[in-house]
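So the sequence lines, in the order shown, correspond to chains A and B. Residue numbering for the first sequence follows the numbering used here, beginning at 1 and increasing consecutively. Residue numbering for the second sequence follows the numbering used here, beginning at 156 and increasing consecutively. Glycine is no exception: its CB is placed at the ideal position from the N, C-alpha and C atoms.
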Amino acid sequence: MKRYRDKVEGNDKGGSPETYAAGPGFRRVFPALSVTLMTLDEIKSALGARILARAKDMGIRVDMAYCADLMSDVLAFSITSSLLITGLTNTQVIRTAEVADIRAIVFVQSKRPDVDTIALAEEKRIPLLVTDYSMFDVCGKLYEKGLRSNAEGGG
Amino acid sequence: MSGCTEGCFFLTGKDFTNAGAASSRLKGLLEGMNVQGRVIRRAAIAAFEAEMNLIIYAVAGMMKYYVTPDKIRVVVEDMGPGIENIELAMTEGYSTAPDYIREMGFGSGMGLPNIKKNTDQLKINSVVGAGTTLEFIIYLNR
Numbered sequence: 001m002k003r004y005r006d007k008v009e010g011n012d013k014g015g016s017p018e019t020y021a022a023g024p025g026f027r028r029v030f031p032a033l034s035v036t037l038m039t040l041d042e043i044k045s046a047l048g049a050r051i052l053a054r055a056k057d058m059g060i061r062v063d064m065a066y067c068a069d070l071m072s073d074v075l076a077f078s079i080t081s082s083l084l085i086t087g088l089t090n091t092q093v094i095r096t097a098e099v100a101d102i103r104a105i106v107f108v109q110s111k112r113p114d115v116d117t118i119a120l121a122e123e124k125r126i127p128l129l130v131t132d133y134s135m136f137d138v139c140g141k142l143y144e145k146g147l148r149s150n151a152e153g154g155g
Numbered sequence: 156m157s158g159c160t161e162g163c164f165f166l167t168g169k170d171f172t173n174a175g176a177a178s179s180r181l182k183g184l185l186e187g188m189n190v191q192g193r194v195i196r197r198a199a200i201a202a203f204e205a206e207m208n209l210i211i212y213a214v215a216g217m218m219k220y221y222v223t224p225d226k227i228r229v230v231v232e233d234m235g236p237g238i239e240n241i242e243l244a245m246t247e248g249y250s251t252a253p254d255y256i257r258e259m260g261f262g263s264g265m266g267l268p269n270i271k272k273n274t275d276q277l278k279i280n281s282v283v284g285a286g287t288t289l290e291f292i293i294y295l296n297r
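Given below as structure tokens:
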């Protein structure tokens, strides 16, 4: 069987979602463990977002999202390969993302980070997106698409 | 996981531009040594929180690391104000950080609890008015 992890990590390019352990079939049987993957391109169009720091491959996927303005919360509760939704735009956000293995960052409410922050993100290869929507709306839109928080505390 | 290594980073208080750079380099180093991803993340998070604490509160200090085939040991020593009540500082949500630190997304009283959560052993020695030494160990094969 194909490994779900390969899909998350982008090692596996083809195949229908049903073939994965965590695909729709699996989801019907175990709704609580359902997993939806979104590519950066899908997130970008769902949020009408602009790209500030580009990933080489905009097809890379995230399987979880976490939203916070407290970086210590991100370090404590987010999980690997998540999308981070935040209103903070300083360089510490990028450092936090790197340390916590965050895959990509969405800045809400048109908050643009300064050039140093963007440069650091490019150096660390963390794609950055900015959207006009508020944090609540960003979370709502992505939740509607099927993206979930990490399992800790419900998900 | 292969080999042993040790080293040291010097840190300057209030240098927020480079805050996190030492932990980031430690993370890269562990990745190069083929340490398990889950362990790297724990070590990087603990080191980052300790580094931020030093930069927020102390004048200067250093982060020493020792990696052996069975464990990662990190010692963060600073010249800072010291911690008056360590037990209180370990309480989630307790913080003495000023507002400008909170605006950066830190100082929410989660730093030390976060370090404890991600490490196997944590020791803190502090002398008020002199400085703090924080030491943690993460075992590689558990």
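Based on the DSSP secondary-structure assignment, which residues constitute the bridge partners of residue i?
i: Tyr294(B); result: Lys226(B)
i: Ala215(B); result: Thr167(B) and Met234(B)
Let me see if you follow: with CB-CB separation under 9 Å, is residue i close to chain A or not?
i: Ala174(B); result: yes
i: Glu204(B); result: yes
i: Ile200(B); result: yes
i: Phe291(B); result: no
i: Phe171(B); result: yes
i: Asn269(B); result: yes
Determine, for residue i, whether the minimum Cβ-Cβ distance to residues of chain B falls below 9 Å.
i: Ala21(A); result: The predicted position of Ala21(A) is uncertain, since its pLDDT is 47 and thus under 50; a value taken from the coordinates is nonetheless stated next. It does not; no Cβ of chain B falls within 9 Å.
i: Val130(A); result: no
i: Leu84(A); result: no
i: Arg27(A); result: Residue placement at Arg27(A) is poorly supported in this model, since its pLDDT is 48, which falls under 50; the coordinates still yield a value, given next. Answer no: the Cβ-Cβ gap between Arg27(A) and chain B never drops below 9 Å.
i: Asp63(A); result: no
i: Asp69(A); result: yes
i: Gly14(A); result: Reliability of the predicted coordinates at Gly14(A) is poor, the pLDDT of 49 falling under 50, and the value obtained from them is presented with this limitation in mind. Chain B, which has no Cβ nearer than 9 Å to the Cβ of Gly14(A), makes this no.
i: Ser149(A); result: no
i: Val115(A); result: no
i: Arg95(A); result: yes
With distances taken between CB atoms, is the gap from residue i to residue j smaller than 9 Å?
i: Lys141(A); j: Ala68(A); result: no
i: Ala55(A); j: Pro113(A); result: no
i: Val194(B); j: Pro236(B); result: no
i: Val214(B); j: Gly168(B); result: yes
Who are the Cβ neighbours of residue i in its own chain at under 7 Å, not counting the five residues just before and after it?
i: Asp225(B); result: Tyr294, Leu295 and Asn296
Going by beta carbon distance, what residues of the same chain come within less than 8 Å of residue i, once the five residues before and after it are set aside?
i: Thr246(B); result: Gly264 and Pro268
i: Arg180(B); result: Phe164
i: Ala49(A); result: Ile43, Val106, Leu129, Val130 and Thr131
Excluding the 5 residues preceding and the 5 following residue i in the sequence, name in chain order all residues of the same chain whose CB lies nearer than 6 Å to its CB.
i: Lys271(B); result: Leu277
i: Thr39(A); result: Gly59 and Arg61
Examine the Cβ distances between the segment 258 to 267 of chain B and the segment 69 to 80 of chain A and report whether three or more of them are shorter than 8 Å.
yes
Counting Cβ pairs, one atom from each stretch, are 3 or more of them under 8 Å apart for the segment 240 to 251 of chain B and the segment 200 to 210 of chain B?
These segments do not touch.
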